[in-house]
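Scroll down for the structure; my scribbles are underneath it.
2 protein chains.
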Amino acid sequence: MKVEVFFTPGELAGQELPERVVVIDVLRATSTMVEALANGARSILPVATVDEAARIAQNIGRDTVLLCGERKALPIDGFDLGNSPAEFTAERVRGKSLVMTTTNGTRAFLAVAERRGGDGERRSKVLASSFLNLGAVVAELATAGAGGANGVTLVCAGREGRFALEDAVCAGAVVRGLEESGPALELNDGAIAARGLARRHMADLHRMLELTTAGRHLGDAGLGDNLSFCAQVGRSDVVPRFRERKLTLE
Amino acid sequence: MKVEVFFTPGELAGQELPERVVVIDVLRATSTMVEALANGARSILPVATVDEAARIAQNIGRDTVLLCGERKALPIDGFDLGNSPAEFTAERVRGKSLVMTTTNGTRAFLAVAERRGGDGERRSKVLASSFLNLGAVVAELATAGAGGANGVTLVCAGREGRFALEDAVCAGAVVRGLEESGPALELNDGAIAARGLARRHMADLHRMLELTTAGRHLGDAGLGDNLSFCAQVGRSDVVPRFRERKLTLE
C-alpha cells in the first residue's frame, strides 16, 4: 500500500489524491473536531472566513448552530466557542451543528475538497486525525486497506503554509500504526521523515508540543492547557469523516 | 542565533529573509555547483528555462560558455553537460562560465532572489550547500555568527514543490554543525525536524539517498552513481555564493 505524507496543503498542487485522505491539524482544529463529535455534536462545517461563518449561522438559525473558531489562536468576537477542545463539552455541543473557522485546519480541508470533483468527493473518504483518535484512525485505514484500496494520503495542515512539527509527528504515528498492522508500505519522502519524527517524539508528546511554534504561541496566549489536552493519545475512538463540506461521524 | 529551515521554496511566501541564506539541492544542483566551482569554473548562472539558457549562451559567446542542466533528471539536447557532478571535471569546466537550468535547484535560487530588493541582494549572503561542502558552509556561518548577524535561513529546493528527504537531512546537518560550534540556537519547527532527521540518517547517507524519490528516479534513469558522489561529506571546501544572479567563489 502506498502511503504519502504532505507537510502543507500547498504540497498537494498537481497531486492526484487516492480515495482515502487524512487531514491533520493537531493544534488544534482536528483535535477540537474529534472532541466535539465525540461529545455529541451533529456536524461541523469548516468555512474560510468569519463573515461566511456568521452568515451561514444566521441562515440555518442561531438556536441549533454554534459558531466556533479562532484568529491568531484567540476566540472570535460574538462567537460561541473558541478553538480549545476542552470547551467542546457534551453540555455545550450535544445535538448542535457547528460552524467553524480556523486559520490552518479549515484551509487544509478546503484544499482537499478543491482537488476532487463532485463524484470524487462522494466516493472518497476524507478523515480527520489528531493524537486523540490516533488508534481509531489507524484501525479504520488498516481495515479498509485489506480491501485493496489504492493507498492513503496524509495531509498536514501546517502553520500559515509552512511545516508544523506536531502535524508531522502525528502523520508519522499513523504511518507507524499502519506498518505494524499490515503489509509493507510504499512511502514517499514525507512519510519516511514523518515516521522518523514519530519515533523520536511519541515518547514525550507534551514536550514536543512545547517546542513547536504553534505550542509556544498558545502558551504566550495563555492557552497552554491545550497542549496537555491535545497530547492525549487515544482519548477518543471516533473518526470524523468530511463529506459534502461537513464533518460527521456517519 | 535564529536558525530556520524551510522544506520547499513555497514555504518562503510572506517570509522575511535574514542576511544569510543557504540553498540546498543535494540531488543534484548544489552538489554539481560545488563540484564545478571547486574544479575551476568561473561562474554559474542558474536560469529557469532551456530557451533562456540557450539564448544567454548565444549572447555571451559559445566558446567560453558551457550549457548544462537536466529535465526529468536527463541531459538536455544540444547542451554540453547534464547535471551529474562527476561530469564537471577540471578538464571540462576550468575557466568557463556555466549556464545551468535544473528543475528544483534553479527555482530555489530564483525564489530567494525574488524575495530581496536590489539593495537587499547586495548586502546579503546567499550560499549553496550540499553534503560535499557541508563543513565549509558550517564554518563560514559559524564565523559570521560571531559577528552578531541576524540568523540564518536554510531553504531546501525540495522536489516539484514538495518535501525532499535528502535536502532536509543536509539542512539538519548544517543545524547540528552550528549547534556544535557556537551558542544556543533558536530553531523553527523545520529546523527541529531537520536536526532529528540528520541524527537519524547521517550515519548512512548512501542508504538514505536510495530511499528518496529523487534517488530512486536517478537509479531508474541509469544515474545511480550520482548517489555515492553526492553522499561524500566534506569532499570540498568551497562555498559558492549567489550574487547578482550568479554563483561564484568570490
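The listed protein sequences derive, respectively, from chains A and B.
Note that the numbering used here numbers the first sequence so that position 238 is 238, with each residue one more than the last.
Note that the numbering used here numbers the second sequence so that position 85 is 335, with each residue one more than the last.
For each residue, glycine too, the CB sits at the ideal point set by N, CA and C.
For Gly319(B), the enclosing beta strand (DSSP E) begins and ends at Val315 to Gly319.
For Gly474(B), the nearest beta carbon of chain A is not closer than 9 Å to its own beta carbon. Assignment of alpha helix (DSSP H) within the stretch 296-368 of chain B, counting only whole runs of 4 or more residues, yields 300-310, 340-343 and 355-364 in chain order. In the three-state reduction of the DSSP assignment, Phe479(B) falls in the helix class, which pools H, G and I.
In the DSSP assignment, Val169(A) falls within the unbroken alpha helix (DSSP H) covering Leu165 to Ser181. Here Ala407(B) carries a coil assignment [DSSP, helix/strand/coil]. In this chain, Thr258(B) is not harboured by any alpha helix (DSSP H), its DSSP state being neither H nor E. Asn438, Asp439, Gly440, Ile442, Ala443, Gly446, Leu447, Arg450 and Leu461: these are the residues of the stretch 432-461 of chain B whose beta carbon lies less than 7 Å from some beta carbon of chain A, given in chain order.
Close CB contacts of Asn104(A) within its chain, under the 8 Å cut and outside five residues either way in sequence, are with Asp25, Ala29, Ala157, Gly158, Arg159, Glu160 and Ala164 (chain order). Taking a Cβ-Cβ threshold of 9 Å, the residues of chain B close to Phe163(A) are Val255, Phe256, Phe257, Thr258, Glu261, Phe413, Asn438, Asp439, Gly440 and Ala443, in chain order. Chain order gives no chain A residues near Thr353(B), where near means a beta carbon separation below 9 Å; the closest approach is about 13 Å. Sequence-distant partners of Glu35(A) (beyond 5 residues in either direction) whose C-beta falls short of 6 Å from its own C-beta, in its chain, are Pro85 and Phe88. Among the residues facing chain B, Thr213(A) is included, as its CB has a counterpart in that chain under 9 Å away.
The Cβ of Ala231(A) sits no closer than 9 Å to any Cβ of chain B. Under the Cβ distance rule, Gly401(B) does not count among the residues neighbouring chain A, no pair being separated by less than 9 Å.
Beta-carbon to beta-carbon, Phe131(A) and Val233(A) are separated by about 5 Å, close enough to satisfy the 8 Å threshold. The shortest C-alpha to C-alpha distance from Leu287(B) to any of Asn476(B), Ala378(B) and Arg365(B) is the one to Ala378(B). The beta-carbon distance between Val99(A) and Val21(A), rounded to whole angstroms, is 22 Å. This is too long to meet the 8 Å contact definition. Residues Pro259, Ala298 and Ala407 of the same chain have their beta carbon placed closer than 8 Å to that of Arg357(B), with the five preceding and five following residues left out of the count. Contact between the stretch 220-230 of chain A and the stretch 451-465 of chain B is absent: fewer than 3 CB-CB pairs across the two stretches fall below 8 Å. Put simply, the stretch 39-46 of chain A does not touch the stretch 173-191 of chain A. Fewer than three CB pairs are less than 8 Å apart. At a cut-off of 9 Å, the C-beta of Gly427(B) has no neighbouring C-beta in chain A. Secondary structure of Glu436(B) (DSSP, three-state): strand. Just so you know, the alpha carbons of Glu364(B) and Lys496(B) end up roughly 14 Å apart.
Taken in chain order, the complete alpha helix (DSSP H) segments of 4 or more residues contained in the stretch 25-49 of chain A are 29-38. Rounded to the nearest whole angstrom, the C-alpha separation of Arg162(A) and Phe7(A) is 8 Å. As a beta-bridge residue in DSSP terms, Thr498(B) pairs with Arg491(B). Here Ala389(B) has no same chain residue with a Cβ atom under 6 Å from its own Cβ, once five neighbours each way along the sequence are excluded. Judged by their CB atoms, Val155(A) and His201(A) are not nearer to each other than the 9 Å cut-off.
Sixteen is the threshold: since fewer than 16 other Cβ atoms of the shown chains lie within 10 Å of the Cβ of Gly14(A), the residue is exposed. Pro46(A) and Val112(A) have their C-alpha atoms some 12 Å from each other. The residues Val26, Leu27, Leu209 and Thr212, in chain order, have a CB closer than 6 Å to that of Glu166(A) in the same chain once the five nearest residues on each side in sequence are set aside.
By a beta-carbon distance limit of 8 Å, Val255(B) contacts Ala444(B). Their separation comes to about 5 Å. Judged by their CB atoms, Arg342(B) and Asp330(B) are nearer to each other than the 9 Å cut-off.
In this structure Val65(A) is in contact with Ala57(A), their Cβ atoms being roughly 5 Å apart against a cut-off of 8 Å. Beta-bridge pairing by DSSP links Leu377(B) to Val272(B) and Arg491(B).
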